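Notes follow the structure.
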Amino acid sequence: MIQYADIVVDLPMDNELLTYEVPNSNKIAQRGMRVEIEVKSRKLTGIIHSIHSNEPNFKCKPLIKIVDTNPVINEEQWDLAEWMKNSYMAGLGESLFRMIPQGRRLIREEELDVEIDAEYKSLNEEQQVAFDAIAKGIGKEYSSHLLYGITGSGKTEIYIHLIRELLEKTDRTVIFLVPEISLTFHIIKKLETIFPKDIALIHSGLKTSQRFRSYQSLLKGERRIAVGTRSAVFAPVSKPGLIILDEEHDQSYKENTSPRYHARQVAHYRVSKNNGILLLGSATPSVETFYLAKSKKIHFHTMKNRAVNASVLPEVRIVPKKDMEGPVGFELMKQLKSQIQKK
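Residue numbering for the sequence shown follows the numbering used here, beginning at 220 and increasing consecutively.
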């Protein structure tokens with residue numbers, strides 16, 4: 220019996236599915252696999268939406284080849300793509316191909332030599348209160364939280380304790396989002412020490428092969444923690460039980476090209492479907508998140524004290540621009556000179 224495949228492509232068109240014949244040599248075709256097809260004399264990559272034996276009323280071209288040996292899109296991602304299509308007025312193909320590592324952007328490679336304090340630390344009293352309030356919902360039902368803590372209050376330590384709690388007590392997974400690639404390297408070094416063999420890094424600064432390797436390790440369940448920038452919210456993890464947005468106020472969580480999603484909204488959808496926890500961390504939360512917290516629509520946890528060596532906040536002084544002599548100003552010049560002389 221001849222089989223046919225309905226294919227999703229990343230093209231603007233009224234009919235989102237294109238039907239192709241599956242050659243006898245390609246009987247391994249499955250939903251979620253990528254295929255190479257011909258569209259108006261162009262070779263394109265598509266994703267198999269469905270396999271069937273319903274002969275269409277037109278002559279079908281055959282698939283050129285099947286790219287994958289196993290599906291690269293799971294059922295949760297299909298559901299997410301449908302939701303994005305309806306929420307952001309985007310095509311199904313646009314949404315699906317946003318989830319798969321593409322490696323289309325040029326990235327400047329840099330080497331970072333950073334010392335990381337990777338010790339698993341005990342929580343202080345203020346941190347423990349926030350941790351207990353959030354952790355009691357792990358593996359139970361959906362909840363959303365704002366962790367509002369000043370710089371240096373130890374929000375990262377709470378994140379780490381929550382991740383460990385979830386990994387030890389459930390079979391759930393974690394997505395940890397940061398706004399900038401440079402911040403990812405700091406966090407990944409610390410998490411890799413505490414959670415060896417559980418971390419998969421996903422961001423556009425990696426080579427295509429590295430990104431796809433991380434993607435596959437999450438898809439197969441070999442690793443349970445996805446760490447990365449905005450696009451990591453689409454990580455192919457199963458049953459996400461905790462999604463963390465560090466510096467949730469940052470504008471880089473908003474995508475400016477179609478589909479114009481916000482990582483916070485996508486994260487909310489994913490955890491709400493899986494009875495998970497959404498944790499938004501910031502010292503300067505966005506207006507909308509702060510409003511939701513103050514109006515008790517999401518849980519609100521405040522941390523007013525610094526946890527880093529019990530240090531105090533640095534002194535900040537405002538110098539009127541009209542009193543400045545040159546672009547630096549006398550006050551700053553005096554402090555710079557003092558520090559140079561000390562060395």
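We put the CB at the ideal spot given by N, CA and C, even for glycine. Please read these numbers as outputs of a predicted model, since none were measured by experiment.
>> To the nearest angstrom, how far is the alpha carbon of Y472 from that of P398?
In response: So the two alpha carbons sit approximately 6 Å from each other.
> Is I393 helix, strand or coil when you go by DSSP?
Replying inline: According to the sequence as given, residue 393 is Val; it is not Ile. Note: V393 maps to strand in three-state DSSP.
> With distances taken between CB atoms, is the gap from L464 to G424 smaller than 8 Å?
Replying inline: no
> Rounded to the nearest angstrom, how far is the Cβ of G460 from that of R536, given a contact under 8 Å?
Replying inline: With a Cβ gap of about 45 Å, G460 and R536 do not count as contacting.
> How many angstroms separate the CA atom of E334 from the CA atom of I413?
Replying inline: Its pLDDT being 41, under 50, E334 is placed unreliably in this model, and the value from its coordinates should be taken loosely. Each residue's alpha carbon lies about 15 Å from the other.
> How big is the Cα-Cα spacing for N524 and F453?
Replying inline: 34 Å
> Below 8 Å between beta carbons: does that hold for E255 and T264?
Replying inline: It is a contact, given that the beta carbons lie within the stated cut-off.
> Quick one: what's P459 bridged to in DSSP?
Replying inline: T392
> To which residues of the same chain is L551 closer than 7 Å at the C-beta, ignoring the five residues directly before and after it?
Replying inline: none
> E360 by DSSP, collapsed to three states: which one?
Replying inline: coil
> So I353 is in the alpha helix (DSSP H); what residue range does that whole segment cover?
Replying inline: 344-354
> Quick one: what's got a C-beta closer than 6 Å to S433's C-beta in the same chain, skipping five residues either side?
Replying inline: For S433, where only same-chain residues beyond five positions count, the Cβ hits under 6 Å are A419, L420, I421.
> Of all the options R317, F277, D298, which has the alpha carbon lying nearest to the alpha carbon of P478?
Replying inline: Residue R317 is the option with its Cα nearest to P478.
> What residue range is occupied by the uninterrupted beta strand (DSSP E) comprising A445?
Replying inline: 444-447
> Among I226, E294, I462, which has the Cα closest to the Cα of S363?
Replying inline: The shortest Cα separation from S363 among I226, E294, I462 belongs to I462.
>> Taking the alpha carbon of G371 as the reference point, which residue from E384, Y510, E466 has its own alpha carbon closest?
In response: Of the listed residues, the one whose Cα sits closest to G371 is E466.
> If you draw a straight line from the C-alpha of W297 to the C-alpha of I285, how long is it?
Replying inline: 19 Å
> Would a C-beta distance cut-off of 8 Å place Y361 and P504 closer than the cut-off?
Replying inline: no
> Expressed to the nearest angstrom, what Euclidean distance is found between the alpha-carbon atoms of Y239 and L511?
Replying inline: Here the C-alpha atom of Y239 lies approximately 48 Å from the C-alpha atom of L511.
> Considering only the beta carbon of each residue, do Y488 and W302 sit closer than 8 Å?
Replying inline: yes
> To the nearest whole angstrom, what separates the beta carbons of I292 and L311, a pair I think is in contact under 8 Å?
Replying inline: Incorrect: roughly 11 Å between the Cβ atoms, too far for contact.
>> Nearest by alpha-carbon distance to S428: which of D229, V456, E235, I319 is it?
In response: I319
> In this structure, does DSSP put M380 in helix, strand or coil?
Replying inline: Checking the displayed sequence, the identity of residue 380 turns out to be His instead of Met. In this structure, H380 counts as helix in the three-state DSSP scheme.
> Going straight from the alpha carbon of E411 to that of R383, what length do you get?
Replying inline: Near 12 Å, if we compare the C-alpha coordinates of R383 and E411.
> Distance, Cα to Cα, V446 vs F549?
Replying inline: 43 Å
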